[in-house]
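Heads up: the structure comes next, in structure tokens.
Residue numbers (the numbering used here), protein chains in the order written: chain G, 1 to 406; chain C, 407 to 812.
Dropping the structure here:
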């Protein structure tokens, strides 16, 4: 009997956890497992706002794939996916092609710019390790440049973050911690620097409990963050950003606009012809694509409706990690010739937002609200728990967050 | 009797050492001493190649003026000199004016670009703390940008240093140490990076002993530095540099051209009408300007002929520090009403060049050649000796160089 080929595309939260689970549940004689990823590392997307601010180094936020994937059991291919051909059970890569019997698509997100002029050219995005450390260096560079110009340019010190959702808020929280350090490094008076958060909705963190939103805004405003709500970003220019509020256009001079207001599924999914809903595959209960019995979709490329609210579950690390249990179970079952598949059921474990490294807020255990250091502590514990699941205690010690109280 | 006003312009090597010596030799009832400087810190110009490479942090290379100048004895004015009016015994500052009875001009150097097109706009200069940390950040930024572009741009990884004199050679030496770190930080293959030194003369370090020059070139080439000698820089463009060699024009794509091939005296000296020789005041034996009995000139703004060679002594920290003893003695003598002034006599103590933090070469004790770690050790000891003279053992411990063997 021929061993089935299992191919996992992407080593994000969903892909890497599926791979790690499969290498435990399938013997070397039961299947060939191949993991494809652009980089030779997995990274913590939920820590990228810290990398982008320069408060966490990228090497803490990424994990070498060889450190968590057993190379005796899994074939790792470092390459970029160009197209999936589900009719032919093939994946086209930049430098080759792979055949599969079972496929797991975990190709993550792309930024969504909604056609706003100039965003793609002029704004920075918190996408991945490369783009995040670039933002960090861009901040440093502008602060360093400030005193080298006879005519001081305030645009160098105005940091505009588009989007007051989860990422935008967590990012301005890190900036509030980082800016005083940058000011010290480059001899700049802190009062010269502006951190501005633009949000289109009437309030930041739409959908969050109002008490939590108020806590976050107070904490961040006390540390110098300015919020402009009800502000629609109209254009990003090389040296400014334009928004509309109350029918009026306002221009802020800035060399640093960070766009954190929207993501969409990797466009390869749509390009490859999968039935999709705004680019995402609305998966069956067992996490398979509707049209293909051997193709699973996980994480940001998958869409699952929340029956209660009638809206899709948001694309989070938490849901991708939970989905990996179902996907890994079902792939292993099919590979072993079983036909009974599990259904995915989402168990919300709460949501915690950091507001810089020493403050935070959120909800855990269903409806318990947490504020301040308790929230930060729980969030760091949850980050460490993920590392434990992914690579054991060694990985927690190597990449975990232990700066609980300072 | 009216206390005389002593004004020292500039807190470089010459100015700060003169001030520190004056505060020891003159009582508070004997004179008013005022030190004027643009920044509230003194910096080690001879360490700026390290700050520019990112191998030494600017805070190690600078010293708060209040840490070495006694504020009970010296009035420190943080301001920029606009013009000296020696006929009126006045100094015009950006934010005020000072009267003096005795003046010490220690205003340092400016880069000399010899009218080469584009240099001022497009090249970086190792001038001061601001410009040096900007170069460091510029390198970081370009390395960070490299993987964010679909079309990889080699100009981001080509570093061109114009000038194979002392500063240029010391700078490429630091780069040879720094580039592997940058490659690691930004996931770049070291073989993609070029460090190119352009020198117009047939050899780098013209005037140095040929054995030392060969040692330096071998050491640096072994660490990846490319030397192009007999190459005249013709133009610096935003994305390239053009040089002429053997009658042919060659263009190197680069976003980083560092110009380290010439300095001139601060142009305020010439602008203020002093009799000068290419911008420098050819001082009398007692370090006074020829036309004014109450004006001393020190360091890079002063010109002293070497009788043996018939050429001026080069502008170095060593000579400025030695001059400060003569200047401080003579200013104090005049302030006390004496008329016997000392003559300056230069005692060459040797010349040591670093080639990165763990290699170096040079001459000490008249004609003893040193290579490798011995040269580095001696150079670091000499740096520490300066700190000892400036601010005592406390300053040595705070800002000294103790990484002798790694």
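Note that the Cβ used here is the ideal one computed from N, Cα and C, for glycine as well.
Residues near residue i in its chain [Cβ-Cβ closer than 8 angstroms; skip 5 each side]
i	result
residue 232 of chain G	200, 243, 244 and 245
residue 596 of chain C	585, 586, 589 and 630
residue 677 of chain C	489
residue 753 of chain C	728
residue 697 of chain C	492, 680 and 681
residue 320 of chain G	12, 13, 14, 17, 106, 298, 299 and 300
residue 741 of chain C	410, 412, 432, 436, 437, 507 and 508
Chain G within 8 angstroms of residue i, Cβ atoms only
i	result
residue 551 of chain C	yes
residue 455 of chain C	no
residue 540 of chain C	yes
residue 528 of chain C	no
residue 554 of chain C	yes
Strand pairing of residue i, partner residues [DSSP]
i	result
residue 354 of chain G	G/360
residue 349 of chain G	None; residue 349 of chain G has no bridge partner.
residue 515 of chain C	C/671
residue 686 of chain C	C/683
residue 194 of chain G	G/158
residue 227 of chain G	G/197
residue 241 of chain G	G/236 and G/252
residue 542 of chain C	Bridge partners of residue 542 of chain C: none, in fact.
residue 510 of chain C	C/414 and C/702
residue 480 of chain C	C/439
Start-to-end residues for the alpha helix (DSSP H) that takes in residue i
i	result
residue 339 of chain G	Here residue 339 of chain G belongs to no alpha helix (DSSP H), and DSSP marks it neither H nor E.
residue 783 of chain C	778–805
residue 175 of chain G	166–185
residue 528 of chain C	525–528
residue 472 of chain C	471–474
residue 51 of chain G	48–53
residue 465 of chain C	464–467
Span of the beta strand (DSSP E), counted from its first residue to its last, around residue i
i	result
residue 248 of chain G	248–253
residue 553 of chain C	Unbroken run through residue 553 of chain C: none, as it is neither H nor E.
residue 162 of chain G	158–162
residue 99 of chain G	96–99
Chain-order list of residues whose beta-carbon lies under 6 angstroms from that of residue i (same chain, five-residue window excluded)
i	result
residue 794 of chain C	802
residue 568 of chain C	604, 639, 665 and 667
residue 470 of chain C	447
residue 509 of chain C	413 and 701
residue 124 of chain G	135 and 258
residue 407 of chain G	For chain G, the structure presents residues 1 to 406; residue 407 of chain G sits outside this window and is missing.
residue 450 of chain C	467
Interface flag, residue i vs chain C, CB-CB below 8 angstroms
i	result
residue 151 of chain G	no
residue 131 of chain G	yes
residue 138 of chain G	yes
residue 171 of chain G	no
residue 141 of chain G	yes
Per-residue DSSP class, three states only, for residue i
i	result
residue 285 of chain G	coil
residue 625 of chain C	helix
residue 718 of chain C	strand
residue 432 of chain C	coil
residue 20 of chain G	helix
residue 298 of chain G	coil
residue 485 of chain C	coil
residue 130 of chain G	helix
residue 35 of chain G	strand
residue 256 of chain G	strand
residue 730 of chain C	helix
residue 42 of chain G	strand
residue 411 of chain C	strand
residue 306 of chain G	strand
residue 331 of chain G	helix
Sequence-distant residues of its chain with Cβ nearer than 7 angstroms to residue i (five each side left out)
i	result
residue 255 of chain G	142, 155, 156 and 239
residue 479 of chain C	429, 434 and 439
residue 550 of chain C	592
residue 380 of chain G	401 and 404
residue 609 of chain C	619 and 635
residue 558 of chain C	552
residue 695 of chain C	680, 687, 689, 701 and 703
is_contact[residue i, chain A] using C-beta, thresh 8 angstroms
i	result
residue 448 of chain C	Absence of chain A from the displayed structure is noted, the protein chains being G and C.
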